[in-house]
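A.B. asks: In our numbering, each residue's number is its place in the sequence shown (first place is 1) plus 89.
Glycine residues also receive a C-beta, built at the ideal position from the N, C-alpha and C atoms.
Quick caveat: nothing in here was measured; it's all calculated off a predicted structure.
Take this structure first; my questions come after.
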Amino acid sequence: MIPGFSVEDSDLVASLYALSAKSPKLVRSSTYAAPADPSIQITSWKMNEFKYYDIPSPFPTLARGLFTRELKQETDGETSKPKKYQIVVRGYDKFFNIGEVPWTNWASIEEHTAPPYVLTLKSNGCIIFIAALTPDKLVITSKHSLGPVQGQEVSHAEAGERWLRRYLEKLGKTEADLAAVLWEKNWTAIAELCDDSFEEHVLAYPPEKTGLHLHGLNVRSKDFITMPQEVVDAFAEEWGFIKTLSKIVNSIKEVKDFTTACAEKGEWNGEPVEGFVVRTIVTEPPTAANTGKAKGGTQESTRSPYKAGSSFFFKVKFDEPYMMYRDWREVTKTLLSKGLSSSNLPRSKMKRAETKLYVSWVIKEIQRNREAFKDYNKGKGIIATRERFLEWLKSKEGMKDLEEEETKEVDEDGKKSFGKTVIVPVAIPGCGKTAVAVALSHIFGFAHTQSDDVHVKKAAPVFIKNVVDLLDKNDVVIADKNNHLIQHRKQLREATEGRYSKPVRLLALNWSLDKPPAMIHRICGDRVEQRGDNHQTLRADTSKSHEEVIWMFINTTEELTASEVDDIIEMEIEENLEQAVRRAVKGVVKILGLEMPSEEKTQEGIEAVTWYEPKTKKPDEKKKESKKDKGNGGAKSAIDARYFGLLPEVDLLELLDGRMQHDDVHKDMRDFWAKLKAEGRVTKRPHVTIVHKNSLDTEKPLWDRCVALHSITPSPPLFKGRLKTVLCNDRVMALTVENFDLAQGSPDGPNQEGAEFVCKLPLEVRQRLHITVGTKTTNIQPVEAKALVEEYRKGVTDGVKVLELDGVEFKGRVKGLNG
């Protein structure tokens, strides 16, 4: 048996062949004769890049850079055996930049990865794979090919091979020596070819940094398994590669702080840096809820598509000045291929004053000496051209021209001068974004278009077109959509950029989710119920399915950053309609330089919301189904819950973090808390379980009372309780709940149903009420917290660390829950 062969790997390759035959646009392959042994045929697999964003993945592997071979088999007479395949080269699983997909936003990464976090310098070159073809022969490839490439004097793979031979000759070793090690370990060595004499990228490399930068050793298997950084560094030193600089930190906060500091300087250890690749592991598997598409889907997952325990990479790339340098490279290539006119350039590349100036300068340079640009599109002369321009920019002429270009984009007050404005709500359902938009439209005459009015399968492009069409005829357009993802805001920017003589301002109405999630959910859920059927799609029903929709938005929203828009009006979720409208009016008056409307006009705008009805409504299928069920004797249950629980409006991180700093906290408890935080294992949606479906045999009356509470509309009663004691052993941490009662003076009032529920709550239920703060590992069930609390109530404290709180009060509602 060939070392490293496995049935699982062979089955993976077979599935790729089958998928390629069925969907050639999804997966395609190319076959090459191995240069070291032409009798061996190597197949390179290439996936559709855009489909890496889909969840669930359409691919049987997420490997990016995968080469395989068919193994020869002896036949038994005329009996044919199933084909066997071997993975020859195995690259990394596809990974993304921060915010590029929902599962690489900071919150998701913090929740579903674990320390340590290894930051490796992002090399600026092309990837090279080195693996054993046989026990004494190597195969060296680029991302998708090997050997010579037609039309190229030297291919990437050949350039990588030349550098490898230099290292081996210098060390007095042979390719057979390296092949033997890689064959035995079943590894693919992964390096970055950084050689400006071969091909220039963004960063320049001095002689001592030119060559193959080793940054990975992957097991040749279906699963993504990569060696620790210390193993990679030792291998690089042994075989003569350039080591990739790295740094290890123990929390996502440290990752953010370190990369932010480097981004501000644009360097690390005195060297220019474009960004970092961060290497960690996945701690939790995806759930059944994560079935939507990360791009353009309606159910966007915030969890990674990689299975628990697997290696997981993400990028932190710095935009400046490297994005600008890339723009210069791309516009130069376009000018050389399409003609020396700025009209041939994409608008998205022309947003910076420096780039506009560069275009004028480089056109003159090409006209003056086109010979100097003969190899530019082959990756030669890119850095030299940029350095010449930067040097010219420092001259008196350059500084004067830049100042004039920048002056065109500012007004008399020194602020950036805009033409038209798109008002961009950043919100979740129930925040009040449409109500505010209707009021602003009435008060100021702003154009207003809603994404919820678009009832087609792919609504996003239609909505963007509606915004742009209105913007052509109006100075201000309200793009009424939740815009809760970075890609939504980016689409609006890209659609309007460079369209008019002056830049288009993006003005955000930002409803930050900076309150406890349960509080946000209660407020927004109540509003959805109160508006009833007065919405195009999201309407309250007896099963309260809208509540899960709101949770989805709370969990997937990507926080707005100042760099995404030009101005921000910070809204408050807790404010009522009148307060919200007045806040928005004040903001747009200040930012757009408008006259403050009269009190009468403002009141008219607020009243206009009362009379507002959506233009179109989707048929309410749930209501039809409900009537159908009613006609059938109500066969279906209105509540589909695994358990009923109280959702306390409390931020556990904020509450416990401060308390854990006190001197009276046992070291073991403090360490346990630190581990929960570092590994993202503090529960994101705290709840107090009241009754579970598994106990229906003994607690059916309690279950029925919870169903009745959950079903009250429009606003179920609000309860209160007190968080009294923190408990933990070496497996789980919990908070005890005391003094469960109706919240007197709440907006809902002490209604009869709530009061009766409190009175009838059995003592044994009160004694077990708790919040599970977190478990040590995924293998430990949260129900262990219940047992911990019950034993503590009986006086059993062996191995239990106890910490008293100052009686923190909370409020919350009883809800039917599944997660």
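(1) Taking only the alpha-carbon atoms, compute the straight-line gap between Met608 and Glu743 and give it to the nearest angstrom.
(2) Which of the three DSSP states, helix, strand or coil, is assigned to Trp600?
(3) How about Ser400 and His302: do their beta carbons lie closer than 8 Å?
(4) Considering only residues of the same chain and omitting the five flanking positions on each side of Phe66, which have a CB-CB separation below 8 Å?
(5) What does the Cβ neighbour count give for His610, buried or exposed, with the cut at 16 atoms within 10 Å?
(6) Would you report the Cα separation of Glu453 and Asn433, rounded to the nearest angstrom?
(7) For Lys320 versus His304, is the C-beta distance shorter than 8 Å?
(8) Check Arg770 in the structure and name its three-state DSSP category.
(9) Would you decide whether Asn458 is buried or exposed? Buried here means 16 or more other CB atoms lie within 10 Å of its CB.
(10) By DSSP, does Met316 sit in helix, in strand, or in coil?
(11) Alpha carbon to alpha carbon, how far is Ile337 from Gly188?
(12) According to DSSP, simplified to helix, strand and coil, what is Asn907?
(13) Can you grab the Cα-Cα spacing for the pair Ser286 / Thr510, in whole Å?
(14) Classify Glu653 as buried or exposed, calling it buried when 16 or more other Cβ atoms lie within 10 Å of its own Cβ.
(15) Would you check if the distance between the CB atom of Ile176 and the CB atom of Leu282 is smaller than 8 Å?
(16) CB-CB under 7 Å to Phe846, same chain, minus the five flanking residues each way: which ones, in chain order?
(17) Which of the three DSSP states, helix, strand or coil, is assigned to His304?
(18) What is the residue span of the beta strand (DSSP E) that Phe829 lies within?
(19) With a cut-off of 8 Å on the beta carbons, I'd call Val362 and Leu210 a contact; round off their distance for me.
(20) Less than 8 Å between the beta carbons of Lys522 and Asp569, yes or no?
(21) Find out if the Cβ-Cβ distance for the pair Ala220, Thr277 is shorter than 8 Å.
(22) Between which residues of its own chain and Glu636 is the CB-CB distance below 6 Å, once the five residues before and five after are set aside?
(23) My understanding is that Phe156 touches Ser133, with C-beta atoms under 8 Å, so please give their C-beta distance in whole angstroms.
(24) For Lys579, which residues in the same chain have their Cβ closer than 7 Å to its Cβ, ignoring the five residues on either side in sequence?
(25) Reducing DSSP to helix, strand and coil, say where Met660 ends up.
(26) Rounded to whole angstroms, what is the Cα-Cα separation between Gly468 and Glu289?
(27) So what does Gly863 bridge to, in DSSP terms?
(28) Is DSSP giving Leu894 helix, strand or coil here?
(29) Return the first residue and the last residue of the alpha helix (DSSP H) that Lys690 is part of.
(30) Quick check: Ala123 and Leu222, are their CB atoms within less than 8 Å of each other?
(31) Pop quiz: Asp182 and Ala152 are said to be a contact at Cβ under 8 Å. What is the actual Cβ separation, rounded to whole angstroms?
(32) Check the C-beta distance from Val556 over to Val566 and give it rounded, since I have them as a contact under 8 Å.
(33) For Trp276, which beta-bridge partners are listed by DSSP?
(34) Throw me the rounded Cβ distance for the Val515 and Asn599 pair, which I believe falls under 8 Å.
(35) Can the beta-carbon of Ile472 be found less than 8 Å from the beta-carbon of Leu425?
(36) Decide yes or no for the touch test of the region 247-261 against the region 192-205: beta carbon pairs closer than 8 Å, at least 3 of them.
C.D. replies: Let's see:
(1) 15 Å
(2) strand
(3) no
(4) The requested residue 66 does not occur in the structure, where the chain is confined to residues 90 to 908.
(5) buried
(6) Strictly speaking, residue 453 in this sequence is Lys, with Glu absent from that position. In a straight line, the C-alpha of Lys453 is about 16 Å away from that of Asn433.
(7) In the sequence as displayed, the identity of residue 320 is Val instead of Lys. No; because the gap between Cβ atoms is not below 8 Å, this pair is not in contact.
(8) coil
(9) exposed
(10) coil
(11) 22 Å
(12) coil
(13) 47 Å
(14) buried
(15) no
(16) Arg794, Leu798
(17) strand
(18) 821-831
(19) 6 Å
(20) yes
(21) yes
(22) Gly614
(23) 5 Å
(24) none
(25) strand
(26) 5 Å
(27) Met822
(28) strand
(29) 688-699
(30) yes
(31) 6 Å
(32) 6 Å
(33) Val308
(34) 5 Å
(35) no
(36) no
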